[in-house]
Every structure is written in C-alpha cells, then in structure tokens.
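Residue numbers (the UniProt record's numbering): 1 to 376.
Idealized CB from N, CA, C, for every residue including glycine.
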C-alpha cells in the first residue's frame, strides 16, 4: 500500500527524499523484506518500516545521502544478546538490512512508471544492480498481468464510478535506464532469487551475479474484492478493505443503493448477477463477498461465481440461509460461509472488522502457498 503513496510522491512532489527499502531480515521484524518508505529532506515520512524505532536514525542519514548523491546500506542488529541499545530497549529480536537510495531523477521516473503500470493491473519488477559502488536501475515485467484487474478496467471503466480518483492511465513502453541515463543491460533469466514477501504483496530478491550485488523488488496491483449487495455492511467492509490493500467494487442491481457518494472507498457497478460476473470478468485472482440479502439473487451469484474458482468466496448469512444459497453446489475450499471470523460480530461495523480480519489471513495463506509451490 505504501508503494502507491511513494509513486504518487515521485509523480507530484518535488521535495528531495531518500527511499528506504528492507532488503534482508534475520529473525523477527515488524516489517518484512520489500517494505519501503520515503524520508524527505523536510522531515516527512511516507510509509513505515518499523513501529517507529528505526525512523529517527534513518532520517538522520538523509542529509548526507542527498548531499553525496549515492546509496547506502544500513544494518541494524536488534537481537538482545548482540545489541543492548537496539535489542533490550526495542525487543524486536532481529537483524535488518535497509537500502537507502536518493530519489534521483532516474529513480523518481521509474517509480512514476511503476505507479502507472500497477494501476493498469501489471506486475512490475524494479531491478537494481550494484557494481563499483554505483547502482544501475531498470524495469522488467514480473509474471502474468492481473487479467481481472487490468482487462476489466478498460472494459467497464465508463460504467464504474470512482469517486475522487482519476481514471487509470494507459500502460507505457518498458523503461530500462541506468543511474547515468543510458540503456541498462538485460537481466539474465536464471534461477529464482531467495526472498519473497507475502506480507506486502511484493517480492524483494537479492543475489550476487558477476561480482555485482543485485536487488529486485516486485510491485503488484491490489487484490480485488467484489462485493455483491450494496447493503450497509458493504459500506463498512469497503472502507476497511481499501485500508488493508484491496481494490473494491460494490455491485448491485438496484441503482438507488449505488448512488454517487455512498461508497467513497469503492467503485460501483449496477447490473444483474450474470452481467456483473461477465463485465467485471471475475476470475481466480478475485475475492468475492455475496450479501445482497436477496435469496434468489445471492444463489444466482454463487452459482455463477463457483465455477470460476475465485481466490475467496465469502457468503453472508445464517447457517440455514447459507444452506439454501448453496443447495446443490459441491463444497469448495475457497468458500467461506458464513463469512468472517467467529467473534460474535453484530451490526455493519463489527461484521466489517470480522470480514477484514479474515481477508488478511486468507490472503497471507494464499501468498505463502504460492511461494512454497514456486520454491518446491
């Protein structure tokens, strides 16, 4: 999520700044590899990489890094047995390596380009190669693009209302530049690099290659949550889902429930279930919540979505009602019914908390499973 704010800063704010990225963690850490933040010369902080224990020390390095115009790697040992100051007072118990890079014209331009591509549903890899104390940068595609996020964006952009946000930009050509502005060497496609970041939705990788230290960070679009049923709980879930990194679409057949301003944190789509599924192009990467409180339409939506095998399908309702919604449908591991963690939630706001917490856990398990499959 901080990557959106960082790319927006790179695009619209001219203040001098340093980009801090965690590139290695041993032991426990508040954030994992790939977490980034910006430290500006005028004292602002965008994002976070610790609960506040490292930022002051990192900010103290900003002026020197900006003056020198070169990157730096900061190492923090917070293990109690190794470092009395960091370990006993902070208690995190881990070792952290942080790459600090001045936000130069080249890096700033690449972050702008990353923001544009991610908004169009692409996964983008920012590659850094260090040799002789100089960092070289370039961008590469990072796996398959998110069809549900990208292709449906173009197909239904005119029908989906995004309050307070601009429409998605078109994807531009690949960028490959070095710190000096010249074309970068192509990265050889060999074995996988060792670090994966399920917590942030991005990967950070590091390896030695031909005497150079190489870092690659993968930036991915937000996961999409499609909420069928523009009821009060959809308003609350949409707000929390946006805050935890989901791109949210609320879909309903009733235009009056999707009126402008009711869902400031989500897009809206008006249509019957068949049209919703077809035009939003719901697929295996999507998270879906069904809760219109209309039995026939909820059942129709479930019957349309189940064969698509989404990442997650949560259904609102009592055990008796859910049995009616799913009657005749085979059980599937991606279905969670009733939706949400069993915390005795009552009312829209509490239900939203239970759903958001479940989405966080489900998403992390999916990413961990994907990592294990890739490294088996």
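DSSP three-state assignment for residue i, whether helix, strand or coil
{"i": "residue 217", "result": "strand"}
{"i": "residue 141", "result": "strand"}
{"i": "residue 104", "result": "coil"}
{"i": "residue 298", "result": "helix"}
{"i": "residue 127", "result": "strand"}
{"i": "residue 115", "result": "helix"}
{"i": "residue 358", "result": "helix"}
{"i": "residue 352", "result": "helix"}
{"i": "residue 72", "result": "strand"}
{"i": "residue 98", "result": "strand"}
{"i": "residue 132", "result": "coil"}
{"i": "residue 306", "result": "helix"}
{"i": "residue 29", "result": "coil"}
{"i": "residue 326", "result": "coil"}
{"i": "residue 251", "result": "strand"}
{"i": "residue 319", "result": "helix"}
{"i": "residue 121", "result": "coil"}
{"i": "residue 314", "result": "strand"}
{"i": "residue 341", "result": "coil"}
{"i": "residue 36", "result": "strand"}
{"i": "residue 212", "result": "strand"}
{"i": "residue 260", "result": "coil"}
First and last residue of the uninterrupted alpha helix (DSSP H) at residue i
{"i": "residue 7", "result": "2-12"}
{"i": "residue 232", "result": "232-243"}
{"i": "residue 57", "result": "55-68"}
{"i": "residue 277", "result": "273-279"}
Distance between beta carbons of residue j and residue i, contact taken as under 8 Å
{"i": "residue 229", "j": "residue 291", "result": "4 Å"}
{"i": "residue 266", "j": "residue 231", "result": "The pair is not a contact, with the Cβ atoms about 13 Å apart (cut-off 8 Å)."}
{"i": "residue 101", "j": "residue 135", "result": "7 Å"}
{"i": "residue 315", "j": "residue 338", "result": "7 Å"}
{"i": "residue 287", "j": "residue 359", "result": "6 Å"}
{"i": "residue 121", "j": "residue 221", "result": "5 Å"}
{"i": "residue 10", "j": "residue 139", "result": "Wrong, their Cβ atoms sit about 14 Å apart, outside the cutoff."}
{"i": "residue 137", "j": "residue 106", "result": "6 Å"}
{"i": "residue 133", "j": "residue 70", "result": "7 Å"}
{"i": "residue 111", "j": "residue 276", "result": "Contact flag wrong, Cβ pair sits at about 34 Å."}
Exposed unless 16 or more other CB atoms sit within 10 angstroms - verdict on residue i
{"i": "residue 125", "result": "buried"}
{"i": "residue 14", "result": "exposed"}
{"i": "residue 37", "result": "buried"}
{"i": "residue 298", "result": "buried"}
{"i": "residue 18", "result": "buried"}
{"i": "residue 3", "result": "buried"}
{"i": "residue 223", "result": "buried"}
{"i": "residue 301", "result": "buried"}
{"i": "residue 165", "result": "In this prediction, residue 165 has a pLDDT of 35, which is less than 50 and means its spatial position is unreliable; nothing more can be read from the coordinates."}
{"i": "residue 233", "result": "buried"}
{"i": "residue 307", "result": "exposed"}
{"i": "residue 313", "result": "buried"}
{"i": "residue 33", "result": "buried"}
{"i": "residue 342", "result": "exposed"}
{"i": "residue 309", "result": "exposed"}
{"i": "residue 216", "result": "buried"}
{"i": "residue 368", "result": "exposed"}
{"i": "residue 117", "result": "buried"}
{"i": "residue 247", "result": "buried"}
{"i": "residue 273", "result": "buried"}
{"i": "residue 319", "result": "exposed"}
{"i": "residue 142", "result": "buried"}
{"i": "residue 251", "result": "buried"}
{"i": "residue 328", "result": "exposed"}
{"i": "residue 324", "result": "exposed"}
N- and C-terminal bounds of the beta strand (DSSP E) containing residue i
{"i": "residue 45", "result": "45-47"}
{"i": "residue 224", "result": "223-228"}
{"i": "residue 267", "result": "267-270"}
{"i": "residue 290", "result": "287-290"}
Closer than 7 Å: residue i CB and nearest the ligand GDP heavy atom
{"i": "residue 316", "result": "With respect to the ligand GDP, the structure shown offers nothing to examine, as it has no ligands at all."}
| query | Can at least three beta-carbon pairs, one atom from the stretch 254-261 and one from the stretch 271-283, be found at a separation below 8 Å? | reply | Touching, no.
| query | For the 8 Å Cβ check, are there 3 or more pairs between the stretch 23-43 and the stretch 95-109? | reply | The stretch 23-43 is in contact with the stretch 95-109.
| message | Contact between the stretch 37-48 and the stretch 57-72 is defined here as three or more beta-carbon pairs at a separation below 8 Å; is this criterion met? | response | Using a C-beta cut-off of 8 Å, the stretch 37-48 makes contact with the stretch 57-72, since at least three inter-stretch Cβ pairs fall below that distance.
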